[in-house]
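K.L.:
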Amino acid sequence: EHRWDSREHTARESRQDRELGACPRESPSFHSHFTTLTISREPQSKHRAKDGAVGTGQGCVSTSSRAAATTTTTTTTTLFEASGDGQTPQVVVLVGAPGMGKTAMVRKVMVEWGEGALHTQFDFVFCIDCKAIVLPVEASVADLVSRCCPGLRVPAGKILDDHKKILFIFDGFEALGFSLIQPEAELSSDPREVKPLELTLMSLLKKTLLPEASLLITMRPTALGSLRRCLKGENYVEILGFSAARREEYFHKYFENPNKADVAFRFVRGNEILYSLCVIPIMSWTICTTLEQELCGKKNLLECSKTTTGMMMFFLSQLLKHRGRDNPQVLQQFLLQLCSLAAEGIWKHKVLFEEKEIKDCGLDLPGLLPYFLNERIPREGEDHESVYAFTHLHLQEFFAAMFYVLEHDGETISSLGRLEKDVNKLLESYNKSRKDLNVTVRFLFGLVSQKSIEYMDKTIGCRISPRAREELLEWLQGRHRGLSHPGQALKVSEMDTFHFLFEMNEKSFAQSALGHFTELDLQDTRLTLYDQMALSFCIQHWAGLGSVTLQGCSFHWQDPEAELDVSVPCSGVSGSGGHPRALVVRRREELPSPIHLLCRALRHRDSALQVLRLRWCRLSESCCAELAALLAEHPGLAQLELADSSLGDSGVRLLCEGLRNPGCCLRILR
10 EHRWDSREHT ARESRQDREL GACPRESPSF HSHFTTLTIS REPQSKHRAK
60 DGAVGTGQGC VSTSSRAAAT TTTTTTTTLF EASGDGQTPQ VVVLVGAPGM
110 GKTAMVRKVM VEWGEGALHT QFDFVFCIDC KAIVLPVEAS VADLVSRCCP
160 GLRVPAGKIL DDHKKILFIF DGFEALGFSL IQPEAELSSD PREVKPLELT
210 LMSLLKKTLL PEASLLITMR PTALGSLRRC LKGENYVEIL GFSAARREEY
260 FHKYFENPNK ADVAFRFVRG NEILYSLCVI PIMSWTICTT LEQELCGKKN
310 LLECSKTTTG MMMFFLSQLL KHRGRDNPQV LQQFLLQLCS LAAEGIWKHK
360 VLFEEKEIKD CGLDLPGLLP YFLNERIPRE GEDHESVYAF THLHLQEFFA
410 AMFYVLEHDG ETISSLGRLE KDVNKLLESY NKSRKDLNVT VRFLFGLVSQ
460 KSIEYMDKTI GCRISPRARE ELLEWLQGRH RGLSHPGQAL KVSEMDTFHF
510 LFEMNEKSFA QSALGHFTEL DLQDTRLTLY DQMALSFCIQ HWAGLGSVTL
560 QGCSFHWQDP EAELDVSVPC SGVSGSGGHP RALVVRRREE LPSPIHLLCR
610 ALRHRDSALQ VLRLRWCRLS ESCCAELAAL LAEHPGLAQL ELADSSLGDS
660 GVRLLCEGLR NPGCCLRILR
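Converting from the sequence shown to our numbering requires adding 9 to each position, the first position being numbered 1.
Put into structure tokens, the structure is as follows:
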């Protein structure tokens, strides 16, 4: 994608022109769009066997006691800074799962060096994109330099002979696919000597060639084991993703428009699954890309049609897009086994899998495995094999849900390995005691929607069985019948029911699931924006809903820690002068009334609502305009209860306007 060029720089010390190495010609906005990543000095995968999924764990980098300081604007300085023993590393291995930002870090290094910020450290920087460049079978280091920097004015051999401060970058080292076991006697010490490419690269790694040069190697965790055996004195750095503060910063840099950024981030912040997944940079990009499409022509995301499952499927399609076109049957079989492994782990509270399990499942395919699983390399002295984990717990839960609905050769596999593919067993276990299965069940509802079935088939090439729909419908209807007392109206009193129906996002399914119920009763529930959107969706498609009781519930539209205007570090924003540390103060747009979504849903034309109880919900004056409109527009509403509210005189006046409206038929006000 990038054109490569060489640039001249006048050294202050000697005032002589020197030739510099290759630098990608990035757009001027690269700095303003780059969001700093959280890194750890040693890969977390060496230490965190008991903490959960490798690297990002459950998506909360800040919870790890080993998470190191965030990188600074001088990326190279941070990567090559002295370690605890005072030694400056010559070899830095940058480890991260696909989509964690390894290449972005490399681009940042190159741009900063090209701008002259890093010339005190390196006279020359040569970057080889191992995923894209076509390398010869035999080559010298001088040949490699000439190949990646054809515009050099000074011969490559002379640069290497002069023993300048040189940094070689190998981005995506595992893509070379070389054996790292080479005879030491055949290694080279001459930068002009032509040898098989494996030997030339091994000579750089082993420091028999250009021993003073520095190396920056980026790779995935699954390829780390073989490299560790041939390096000495290297420094490992693992990319952990975005911290909580950087997630919001990323949204503002992506959207540029502060209002759209606020709307999008508030939407994600209200959805715990999406917010947790945003620790992964490519997932943040996936979500922002999806929400950008949703915001076209809209001021808000209250009618967002994209579900959490939909965004996960889009993420999966982007992940697989870069691996080339494999045989569809191979991909289908790989996903079947991967989903079986994920589901077995979820049932057993297991996030780490031994190498033998990976091989027994047939998952040891180098072209596919690194996209889904990270490898935890055992520390020196440990005698056990490597273990693997999904990049994020929610990804494991997503694939566990897929296990129950993926088809193979037109038939749903009844069982893979020891785990039975029984949807009812999953649902009943969740209902009785296994509340940790909530996210898996939520994804299960999302996967069997008609939109999901079509998307998975056309975009990813996987067939989803719709058979589970009937089981899900029967389970939803049955669980709430069991909670209602004999002789009383049938009511829904579990918030997760609304999450499940909202995740499927099908009007007809919601109507069928809720058709036999007449009451909604929620108690002591903190309703996030996502909860309110789910509730609103279901109420609009619930024709027989006659009574709504919310007791001790609270309504939240944004992160409670950010209720006030905030200052967010931004760079490249108009008015900041482009200074990366500039603080740009922004105001959040005025938020709607806390009960806006609820009242809007209750006003739908087919509503049968007669009783509305909002007890101990801490309603304030700002809610009264919505209630007044509901009274005026809903002739069927006969009873309204507002116990323990702080409406104030002006709020009651607004309420009275609704009561005086000719359309109001209220009979009881408490």
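Ideal placement from N, C-alpha and C gives every residue a C-beta, glycine not left out.
This structure is a prediction, so every number in the text was calculated from the model and none was measured.
1. Between G105 and the rest of its own chain, which residues show a CB-CB distance below 8 Å, the 5 nearest in sequence each way excluded?
2. Is the beta carbon of S149 within less than 7 Å of some heavy atom of the ligand HEM?
3. Ignore the nearest five residues each way along the sequence and tell me which others in V203's own chain have a CB closer than 6 Å to its CB.
4. Given a cut-off of 8 Å, decide if F518 and L554 are closer than it, judged by their beta-carbon atoms.
5. Beta carbon of M211, beta carbon of L185: below 8 Å?
6. Taking buried to mean at least 16 other C-beta atoms within 10 Å of its own C-beta, is T47 buried or exposed?
7. Using beta-carbon positions only, say whether E437 and I473 come within less than 8 Å of one another.
8. Less than 8 Å between the C-beta atoms of N244 and P98, yes or no?
9. On the three-pair Cβ rule with 8 Å, is the stretch 445-465 touching the stretch 361-381?
10. To the nearest angstrom, how far is the alpha carbon of L453 from that of L499?
11. Measure the beta-carbon distance from S223 to I282 and round it to whole angstroms, keeping in mind my assumption that it falls under 8 Å.
12. Whose C-alpha, out of L304, I289 and G250, is nearest the C-alpha of V272?
13. Tell me whether F564 sits in a helix, a strand or coil according to DSSP, three-state version.
14. Judging by CA-CA distance, which residue of F509, C136 and L218 is the nearest neighbour of G181?
15. According to DSSP, simplified to helix, strand and coil, what is Y413?
16. In angstroms with no decimal places, state the Cα-to-Cα distance between A352 and C370.
17. With distances taken from CA atoms, which of S502, L544 and L678 is nearest Q532?
18. DSSP three-state call for I462: helix, strand or coil?
19. Would you kindly work out how many angstroms separate the C-alpha atoms of V457 and M411, rounded to a whole number?
20. Would you list the one or two residues that DSSP bridges to M228?
21. Mind the definition here: the stretch 637-650 touches the stretch 599-613 only if three or more C-beta pairs lie below 8 Å; say whether that holds.
22. Nearest-angstrom Cα distance between V163 and L345?
23. Check the C-beta distance from L678 over to L636 and give it rounded, since I have them as a contact under 8 Å.
24. Could you please give the first and the last residue of the uninterrupted alpha helix (DSSP H) stretch that includes V448?
25. Do Y259 and L44 count as a contact pair if the criterion is CB distance below 8 Å?
26. Would you decide whether E570 is buried or exposed? Buried here means 16 or more other CB atoms lie within 10 Å of its CB.
27. Grouping DSSP H, G and I as helix and E and B as strand, with all else coil, what is C32?
28. Can you look up R622 in the DSSP assignment and give me helix, strand or coil?
29. Kindly give me the distance between the Cβ atoms of G608 and L628, rounded to whole angstroms, as I take these residues to be in contact under 8 Å.
30. How far does the alpha helix (DSSP H) with T45 in it reach, from first residue to last?
31. For H508 and R443, which I take to be in contact (beta-carbon distance under 8 Å), what is that distance rounded to the nearest angstrom?
32. Tell me the DSSP secondary structure of L176 in three-state form.
33. Could you pull the DSSP bridge partners for I677 from this structure?
34. If you reduce the DSSP assignment to three classes, tell me which class F251 lands in.
35. So is C547 buried or exposed if we call it buried at 16+ other beta carbons inside 10 Å?
36. Kindly indicate the opening and closing residues of the alpha helix (DSSP H) around N514.
P.N.:
In terms of the structure at hand:
1. Working through the sequence shown from its first residue, we reach residue 105 at position 96. Closer than 8 Å at Cβ, skipping near neighbours: G64, K111, T227, R229, P230, E247 and I248.
2. Ligands are entirely absent from the displayed structure, and the ligand HEM is therefore not among its contents.
3. By 1-based counting over the sequence shown, the position of residue 203 is 194. Within the same chain, V203 has close Cβ partners E147 and S149.
4. Within the sequence shown, residue 554 is the residue found at index 545, counting from 1. Within the sequence shown, residue 518 is the residue found at index 509, counting from 1. Taking 8 Å as the Cβ cut-off, L554 and F518 do not qualify as a contacting pair.
5. Taking the sequence shown and counting its residues from 1, one reaches residue 211 at position 202. Taking the sequence shown and counting its residues from 1, one reaches residue 185 at position 176. Not in contact: M211 and L185 (Cβ atoms no closer than 8 Å).
6. In the sequence shown, the residue the question calls residue 47 occupies position 38. That one is buried.
7. Here residue 437 refers to the residue found at position 428 when the sequence shown is read from its first residue. Here residue 473 refers to the residue found at position 464 when the sequence shown is read from its first residue. Contact flag unset, no.
8. Start at 1 with the first residue of the sequence shown, and residue 244 comes out as number 235. Start at 1 with the first residue of the sequence shown, and residue 98 comes out as number 89. Yes. Within cutoff.
9. No, the stretch 445-465 does not touch the stretch 361-381.
10. Reading the sequence shown from its first residue, position 444 is the one you call residue 453. Reading the sequence shown from its first residue, position 490 is the one you call residue 499. A straight-line Cα-Cα distance of about 25 Å links L453 and L499.
11. Translated into the one-based positions of the sequence shown, residue 223 becomes position 214. Translated into the one-based positions of the sequence shown, residue 282 becomes position 273. 41 Å between Cβ atoms; not a contact.
12. Position 263 of the sequence shown, counted from the start, is the residue given in the question as residue 272. Ranked by Cα distance from V272, the options L304, I289 and G250 are led by L304.
13. For the purposes of this step, residue 564 is identified with residue 555 of the sequence shown, where counting begins at 1. F564: strand per DSSP, three-state reduction.
14. In the sequence shown, the residue the question calls residue 181 occupies position 172. When each option's Cα is compared against that of G181, the closest is C136.
15. Numbered from its first residue, the sequence shown carries residue 413 at position 404. For Y413, the secondary structure class from DSSP, reduced to helix, strand or coil, is coil.
16. Taking the sequence shown and counting its residues from 1, the one referred to as residue 352 is at position 343. Taking the sequence shown and counting its residues from 1, the one referred to as residue 370 is at position 361. So the two alpha carbons sit approximately 13 Å from each other.
17. Residue numbering aside, residue 532 sits at position 523 when the sequence shown is read from its first letter. Looking at the Cα atoms, S502 is the closest of the given residues.
18. Locating residue 462 in the sequence shown gives position 453, counting from the first residue. I462 sits in a helix when the DSSP states are folded into three classes.
19. For the purposes of this step, residue 457 is identified with residue 448 of the sequence shown, where counting begins at 1. For the purposes of this step, residue 411 is identified with residue 402 of the sequence shown, where counting begins at 1. Taking the Cα positions, V457 is about 9 Å away from M411.
20. One-based indexing of the sequence shown puts residue 228 at position 219. Looking at the DSSP assignment, M228 forms a beta bridge with V104.
21. In short, these stretches touch, since the Cβ pair count reaches three.
22. In the sequence shown, residue 163 corresponds to position 154, counting from 1. In the sequence shown, residue 345 corresponds to position 336, counting from 1. Approximately 55 Å between the Cα atoms of the pair.
23. Working through the sequence shown from its first residue, we reach residue 678 at position 669. Working through the sequence shown from its first residue, we reach residue 636 at position 627. Taking the Cβ atoms as the reference, L678 lies roughly 11 Å from L636, outside the contact range of under 8 Å.
24. The residue you call residue 448 lines up with position 439 of the sequence shown. Boundaries of the alpha helix (DSSP H) around V448: N447 to L456.
25. Counting from one through the sequence shown, the residue named residue 44 turns up at place 35. Counting from one through the sequence shown, the residue named residue 259 turns up at place 250. Per the sequence shown, the amino acid found at residue 44 is Thr instead of Leu. Their beta carbons are under 8 Å apart, which means T44 touches Y259 by this criterion.
26. Within the sequence shown, residue 570 is the residue found at index 561, counting from 1. Any answer about E570 is weak, because its pLDDT of 42 lies below 50 and its placement is not dependable; what the coordinates show is given next. Here E570 is exposed. Its C-beta has fewer than 16 other C-beta atoms within 10 Å.
27. The sequence position of residue 32 within the sequence shown is 23, counting from 1. Low per-residue confidence applies at C32: pLDDT is 40, beneath 50, and the placement is therefore not dependable enough to give any value.
28. Position 613 of the sequence shown holds residue 622. R622 falls in the strand class under three-state DSSP.
29. On the sequence shown, residue 608 is found 599 positions in, with the first residue counted as 1. On the sequence shown, residue 628 is found 619 positions in, with the first residue counted as 1. According to the sequence displayed, residue 608 carries Cys and not Gly. Between the beta-carbon of C608 and that of L628 there is about 11 Å, and that puts the pair past the 8 Å contact cut.
30. Locating residue 45 in the sequence shown gives position 36, counting from the first residue. Neither: T45 is in no alpha helix (DSSP H) and is coded neither H nor E.
31. Taking the first residue of the sequence shown as position 1, residue 508 is located at position 499. Taking the first residue of the sequence shown as position 1, residue 443 is located at position 434. Incorrect: roughly 16 Å between the Cβ atoms, too far for contact.
32. Here residue 176 corresponds to residue number 167 of the sequence shown, with the count starting at 1. DSSP places L176 in strand when its eight states are reduced to three.
33. In the sequence shown, counting from the first residue as 1, residue 677 sits at position 668. Note: I677 sits in a beta bridge opposite Q648.
34. Here residue 251 refers to the residue found at position 242 when the sequence shown is read from its first residue. F251 falls in the coil class under three-state DSSP.
35. Reading the sequence shown from its first residue, position 538 is the one you call residue 547. Answer is buried; the Cβ neighbour count reaches 16.
36. Mapped onto the sequence shown, residue 514 falls at position 505. DSSP places N514 outside any alpha helix (DSSP H), giving it a letter other than H or E.
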